[in-house]
Structure formats: C-alpha cells, structure tokens
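A.B. asks: First, the structure itself, so that you have it in front of you.
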Amino acid sequence: MKAAFVFPGQGSQYVGMGKDLFDNFSEVRAIYKEASEALGYDIAGMSFNGPDEEINKTFRTQPAVLTASYSAYFLLKTRGVNPVFMAGHSLGEYTTLPAAGVLSFKEAVMLTEKRGRFMQEAVPEGKGLMAAILGLERAQVDGICDSVKNGYVSSANYNSPGQIVIAGEKHAVEEAMSLAKAAGAKRALALAVSVPSHCKMMSPASQRLSELLNALEFNTPHVPIINNADAKILINPAEIKESLVRQLNSPLLWEDSVKVMAEKGVDTIIEAGPGNVLSGLIRRINKDLRTFNVGDTKGLEETVKILAG
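Just so it is clear: in the sequence shown, position 136 is 233 by this note's numbering, and no numbers are missing.
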C-alpha cells in the first residue's frame with residue numbers, strides 16, 4: 098500500500114466539526130488548547146457551537162478547518178498510518194505545513210488567520226463571486242471566461258472532470274454562468290464563499306502573504322508535498338513558500354494533483370478533516386484509488402482497522 102493524506106479546504110466547515118475527536122481524545126484537546134492560545138479566543142467553542150455566521154468568516158474558517166484537519170492527521174500518525182505524499186485543497190495545503198514539519202502547528206494556525214484577513218480585505222464584500230460549473234470541459238469553461246465582456250472572470254479550480262470553479266467580479270461571474278448554461282452545462286451554481294479565490298483579484302492578498310511568509314523559516318518537509326499551483330512534488334522550502342503565494346491568485350490544479358499521486362504509485366488516499374468533498378472528487382478523477390475519510394472516531398477506527406488488515 099502507498100497512501101497519501103489530503104486535507105480539505107474552505108467550504109468543508111460546519112458547526113460541530115472536530116467535536117467528536119475532541120471529546121474522545123486528550124491529544125486533540127491539547128491541539129485545540131494550543132490553537133486557542135495562539136489565536137486569543139476559544140476556537141473549540143466557536144467550531145463546536147457556532148454560530149454559522151462566525152465560523153463562515155474567512156479569517157475564522159481557515160484556522161478552524163486547519164485545527165480540525167491537523168487533529169485527524171495527528172491521530173492517524175500516532176496509530177502508525179504513514180503517507181508517502183501530502184496535498185491539500187486550497188486552504189488544505191496549509192495543513193500540510195505542520196503535518197510535514199515545514200512549520201509548527203502554532204505558526205500554521207496564526208498564518209491561516211492572517212491569510213484569511215488578507216483575503217477578506219482584498220475584495221470588498223459583494224464585489225466578487227465564485228461559481229461551480231458542472232458538465233463542461235476545461236477548454237469550454239476557459240473559453241467562456243475569455244468571452245465575457247462585462248468585467249473579469251477566470252477559471253479558479255480544476256477540481257475534477259466536469260467540475261470547474263470560476264471566480265471574479267460578481268457581474269462577470271454571473272454572465273459566465275449564463276453562458277455556461279447556454280453551452281450545455283448541467284449546472285452553474287454560485288458558491289457561498291465571501292472572497293473570489295485563485296484569481297487575480299487576490300493579487301493584493303498575495304503580496305501581503307508573500308511579505309508574511311518571507312518572515313517565517315520553513316523546514317524541509319519530511320513527506321513530499323504536491324502543490325496546488327503546479328501539481329508538482331515539492332521538498333524545497335523556498336519553492337513551497339513561493340508556491341503558496343502563487344496558489345492564491347492562480348488556478349488550483351486539484352485534478353492534476355490527484356493524477357500525479359496515481360502516477361507515482363499511490364493507491365490509497367485518506368481525507369483527514371471535516372467532510373468528504375475531496376473523496377468525492379478523487380473518485381471522479383480515478384475510480385481505482387481507495388479513499389477513506391477521517392473526521393470522527395468512527396472514521397478513524399474503521400480506516401486504521403482496514404489499513405492494518
């Protein structure tokens with residue numbers, strides 16, 4: 098067996114995520130305590146009790162999802178499940194940093210809170226939009242975005258065959274959604290996110306993120322990371338930093354990243370963290386890959402048992 102760990106991104110959050118692991122494992126309670134001390138508020142209380150409007154604020158969502166995902170990773174690691182690669186979807190790429198030893202967990206939590214603030218401040222609320230286009234190929238969606246006359250929109254996430262997310266100015270994204278439906282898209286859905294990620298509207302946030310990352314010392318990862326920006330295997334700390342900056346304002350290559358894992362012999366992928374969005378995408382990319390979800394005690398025990406067997 099060759100396993101990879103993948104970590105979910107923004108959009109996977111929900112009130113109550115991580116609570117089952119918190120209630121059942123003292124190690125997880127210690128992780129949440131460290132995160133709360135770093136952030137200056139009770140992240141466990143917010144994650145488990147909400148309200149929705151608080152946990153959905155980008156600068157709250159990002160450290161909360163990272164903490165839940167890192168907790169799941171930590172339990173897998175201490176039970177002898179070792180990956181040959183790690184990857185994360187957008188925000189999830191930041192969970193690879195403490196998991197692979199590039200940064201401490203505390204540093205990663207604080208970094209994601211600041212990243213969330215940079216993103217929120219880069220685009221005024223209501224000006225940007227993201228939407229999922231289902232049922233069209235990459236070239237079709239790229240062409241539709243290029244043809245929009247009413248502002249800026251571009252492909253942002255190449256998630257799986259037939260699922261591409263676009264991002265940009267609200268009116269331009271809405272025009273692209275209409276054009277996609279006319280071109281035969283099965284669905285065109287506006288996403289409930291507060292900022293248009295992975296497009297040039299995030300350039301101001303990328304600049305601020307670059308300055309922040311330059312002040313941090315990155316270690317060489319003990320497990321190679323497959324990045325979002327290029328779907329490349331990275332082990333060089335400087336390349337990881339540079340990739341995280343580009344990730345914010347360029348398309349996210351998730352489908353390509355999963356294909357790289359399969360080409361390198363990975364046959365098992367474990368999604369560590371809230372939800373099962375990535376597992377669904379992975380099955381659409383390569384149905385031969387085994388997928389597991391670890392976001393609660395049941396998922397942890399079942400995964401460890403099957404892999405041990």
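We put the CB at the ideal spot given by N, CA and C, even for glycine.
Bear in mind that the values here come from a model prediction, so they are computed numbers and not experimental data.
(1) Report the CB separation of GLY265 from GLY248 in whole angstroms; it is logged as a contact under 8 Å.
(2) Give the range of the beta strand (DSSP E) segment to which GLU368 is assigned.
(3) Assuming ALA161 contacts SER144 under a Cβ cut-off of 8 Å, what Cβ separation, rounded to an integer in Å, is found between them?
(4) Closest to GLU368 by C-alpha separation, out of LEU136, ILE128, VAL125 and PRO180, would be which residue?
(5) Would you report the Cα separation of SER183 and TYR170, rounded to the nearest angstrom?
(6) Along the chain, where does the beta strand (DSSP E) that runs through SER252 open and close?
(7) Identify the residues that DSSP records as bridge partners of GLN260: which are they?
(8) Anyone know if the C-beta pair for THR365 and LEU386 falls short of 9 Å?
(9) In chain order, what residues of the same chain lie with their CB nearer than 7 Å to the CB of VAL206, ignoring the 5 residues before and after it?
(10) Would you be able to state if there are at least three C-beta pairs under 8 Å between the stretch 282 to 299 and the stretch 380 to 395?
(11) Please report the straight-line C-alpha distance between ARG305 and ARG343, rounded to a whole angstrom.
(12) Quick check: the stretch 209 to 228 against the stretch 350 to 366, are there 3 or more CB pairs under 8 Å?
C.D. replies: Answer, in terms of the structure:
(1) Along the sequence shown, read from residue 1 onward, the residue named residue 265 stands at position 168. Along the sequence shown, read from residue 1 onward, the residue named residue 248 stands at position 151. Right, their Cβ atoms sit about 7 Å apart.
(2) Taking the first residue of the sequence shown as position 1, residue 368 is located at position 271. Per DSSP, GLU368 belongs to the beta strand (DSSP E) from 365 to 369.
(3) For the purposes of this step, residue 161 is identified with residue 64 of the sequence shown, where counting begins at 1. For the purposes of this step, residue 144 is identified with residue 47 of the sequence shown, where counting begins at 1. About 5 Å; that satisfies the 8 Å criterion.
(4) As a first step, residue 368 must be located in the sequence shown, where it is residue number 271. Out of LEU136, ILE128, VAL125 and PRO180, PRO180 has the C-alpha closest to the C-alpha of GLU368.
(5) On the sequence shown, residue 183 is found 86 positions in, with the first residue counted as 1. On the sequence shown, residue 170 is found 73 positions in, with the first residue counted as 1. Here the sequence assigns Met to residue 183, which means Ser is not the residue at that position. Distance from the CA of MET183 to the CA of TYR170, rounded to the nearest whole angstrom, comes to 11 Å.
(6) Numbered from its first residue, the sequence shown carries residue 252 at position 155. First-last of the beta strand (DSSP E) with SER252: 250 to 257.
(7) Counting from one through the sequence shown, the residue named residue 260 turns up at place 163. LEU231 and SER257.
(8) Counting from one through the sequence shown, the residue named residue 365 turns up at place 268. Counting from one through the sequence shown, the residue named residue 386 turns up at place 289. For THR365 and LEU386, yes; Cβs fall inside 9 Å.
(9) As a working mapping, residue 206 is identified with position 109 in the sequence shown. Cβ within range, chain order: ALA132, ALA135, LEU136, PRO160, LEU163 and THR164.
(10) no
(11) To locate residue 305, count along the sequence shown from 1; it is residue 208. To locate residue 343, count along the sequence shown from 1; it is residue 246. Linking ARG305 to ARG343 through their CA atoms gives a straight-line distance of about 12 Å.
(12) The stretch 209 to 228 is not in contact with the stretch 350 to 366.
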